[in-house]
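Read through the structure below, which is laid out as structure tokens, and then see the notes.
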Ligand SMILES: CC(C)(COP(=O)(O)OP(=O)(O)OC[C@H]1O[C@@H](n2cnc3c(N)ncnc32)[C@H](O)[C@@H]1OP(=O)(O)O)[C@@H](O)C(=O)NCCC(=O)NCCS
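Numbering (our numbering), first residue to last: 1071 to 1225.
Shown next as structure tokens:
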């Protein structure tokens, strides 16, 4: 919050049972060891989770839909989100997100191997925007594989 990120929560009575974060500044994506820098009028949804006791009751779907509605109301032009290959990701597609890039990352002996692929259905404008949002040292991220020393940074 001190960095200007906003936290959206779902409550059951007084209890917070799910949450998701929204950032318009630079964020570290730990799973990929990459920074995302949303463009002007854009933001990035990250760290969504539902309390284990309340899963599969639509809370994640509500969080994503709620953030999308709020972003629309504020006139944002685009939201980014990263998903794992898990069944709950369908809530993300249902909210209107389309895939831009696909990643495979592997850590081994202090090294991180990362493969970046374009999503099968991505159009060229979205591909360019996604690569720019994930620029490394000012250059759009390359599609392909790379190997570097692991960088276990926290947010
Ligand atoms: C991923 C996670 C946030 C999902 O939260 P949730 O509140 O249980 O998700 P929802 O109930 O909103 O589910 C959304 C859809 O995915 C389906 N779904 C969720 N988990 C599922 C599972 N394990 N198997 C099959 N379907 C599942 C739901 O049935 C629902 O579909 P429906 O509306 O058609 O029935 C939760 O499992 C979690 O906190 N995991 C650990 C953190 C994590 O992996 N976050 C990454 C999010 S990309």
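Each residue gets a CB set at the ideal place from its N, CA and C atoms; glycine is no exception.
Next item on the list: Check residue 1216 in the structure and name its three-state DSSP category.
Entry: In this structure, residue 1216 counts as strand in the three-state DSSP scheme.
Next item on the list: Within the stretch 1115-1144, note down every full alpha helix (DSSP H) run reaching 4 residues or more, in order along the chain.
Entry: Complete alpha helix (DSSP H) runs here, min 4: 1129-1143.
Note to self: Measuring only the C-alpha atoms, how far is residue 1177 from residue 1105?
What the structure shows: 17 Å
Next item on the list: Name all residues in chain order for which at least one heavy atom of ligand 1 lies closer than 5 Å to the residue's CB.
Entry: 1118, 1119, 1120, 1125, 1126, 1128, 1129, 1130, 1131, 1153, 1157, 1158, 1161
Check: Where do the ends of the alpha helix (DSSP H) carrying residue 1162 lie?
Finding: 1160-1164
Next item on the list: Check whether the stretch 1144-1159 touches the stretch 1177-1188, taking contact to mean three or more Cβ pairs, one atom from each stretch, closer than 8 Å.
Entry: no
Notebook entry, point to check: According to DSSP, which residues form a beta bridge with residue 1080?
Noted result: 1088
Check: Ordered along the chain, which non-local residues of its own chain (more than five positions away) have a Cβ less than 6 Å from that of residue 1096?
Finding: 1105, 1107
Checklist line | Proximity below 8 Å, CB of residue 1131 to CB of residue 1161 | finding: yes
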